[in-house]
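Contents: one structure, followed by commentary.
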Amino acid sequence: MNNCVYFSKVGEFIREEDQTILNQLCENFKKLTGEEPDNGQIEAWKGMIPHLKKLFSSINKDIYLVMEYKLPFSNRRIDLLLFGKDSNDKNTILVFELKGWSQVEIDNKNSNIVKVGQNEYLHPELQLLSYSSAIKYYHSCGNDFSVVGVIWAYN
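Residue numbers (the working numbering): 365 to 519.
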């Protein structure tokens with residue numbers, strides 16, 4: 365898959381060494397974007413991998429996962445996608461916005477902005493809505509899947 369940084373089944377991801385996954389993320393990030401991942405991105409991946417493995421230990425190991433999916437006609441990347449079926453056997457994509465933040469404040473003047481330390485970011489809910497809508501309404505597979513958004517602050 366040439367529009368993402370990592371692609372595998374959940375079971376393969378769980379069995380893979382963390383450092384091997386990190387190496388693949390770094391190598392494929394450069395192939396996808398033409399740039400080296402910055403230290404913040406690498407640290408986010410390092411922190412996220414063990415949490416994902418723990419989360420995935422209790423789900424179907426044949427579900428496909430995609431990390432850092434690049435949306436078509438955009439530079440935006442979705443942190444994580446899981447492809448599977450819901451309880452009604454309907455094809456489903458879970459769109460994850462992952463945050464390693466341990467403390468967040470909503471800006472008093474603009475609820476679309478959150479503060480993490482001294483930095484300001486777009487509220488993750490708005491990021492997720494944008495990503496989910498892009499998959500549902502603008503991607504060729506959008507009509508074939510239910511699209512469900514998930515914000516996961518794993519710290």
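We treat Cβ as the ideally placed atom computed from N, Cα and C, and that holds for glycine.
None of the values given here were measured: they were computed from a predicted structure.
Does any residue of chain D bring its CB to less than 8 Å from the CB of residue i?
i	result
Ser-510	Protein chain content of the structure displayed is limited to a single chain, and chain D is not contained in it.
Mind reading off the beta-carbon distance from residue i to residue j? Whole number of angstroms is fine, and I expect it under 8 Å.
i	j	result
Phe-420	Ile-378	6 Å
Val-369	Glu-432	4 Å
Ser-372	Leu-416	Not quite, the Cβ-Cβ distance comes to about 11 Å (not below 8 Å), so this is no contact.
Leu-435	Ile-427	Not quite, the Cβ-Cβ distance comes to about 21 Å (not below 8 Å), so this is no contact.
Ser-510	Lys-425	Not really, about 21 Å apart at Cβ, beyond 8 Å.
Trp-409	Leu-389	5 Å
Can you list, in chain order, the residues of its chain whose CB lies under 7 Å from that of residue i, leaving out five sequence neighbours each side?
i	result
Gly-411	Gly-464
Asp-450	Thr-456, Ser-510
Ala-517	Lys-463, Trp-465
Lys-500	Gly-506, Val-511
Asn-519	Gly-464, Trp-465, Ser-466
Asp-508	Asn-455
Does DSSP put residue i in a helix, in a strand, or in coil?
i	result
Arg-441	strand
Glu-380	coil
Leu-493	helix
Ile-470	strand
Lys-449	strand
Lys-373	strand
Gly-506	helix
Ile-423	coil
Asn-325	Look at the range of the chain in this structure, 365 to 519, and you will see that residue 325 is not part of it.
Asn-366	coil
Just curious, the beta strand (DSSP E) that residue i is in, first and last residue?
i	result
Lys-463	455-463
Leu-486	483-486
Lys-434	428-434
Ile-477	477-480
For residue i, report the span of its alpha helix (DSSP H) as first-last.
i	result
Gly-513	Premise fails: Gly-513 lies in the beta strand (DSSP E), 510-517, not in any alpha helix (DSSP H).
Glu-407	403-420
Once the 5 residues before and after residue i are set aside, which same chain residues still bring their CB inside 6 Å of it?
i	result
Ile-515	Glu-461, Pro-488, Leu-492
In its own chain, which residues sit with a C-beta less than 8 Å from the C-beta of residue i, not counting the 5 before and 5 after it?
i	result
Ser-471	It should be pointed out that residue 471 corresponds to Asp in this sequence rather than to Ser. Ile-477, Val-478, Lys-479, Glu-484, listed in sequence order.
Leu-490	Asn-476
Tyr-495	Leu-435, Arg-440, Ile-442, Val-459, Glu-461, Gly-513
Pro-414	Asp-382
Asn-403	none
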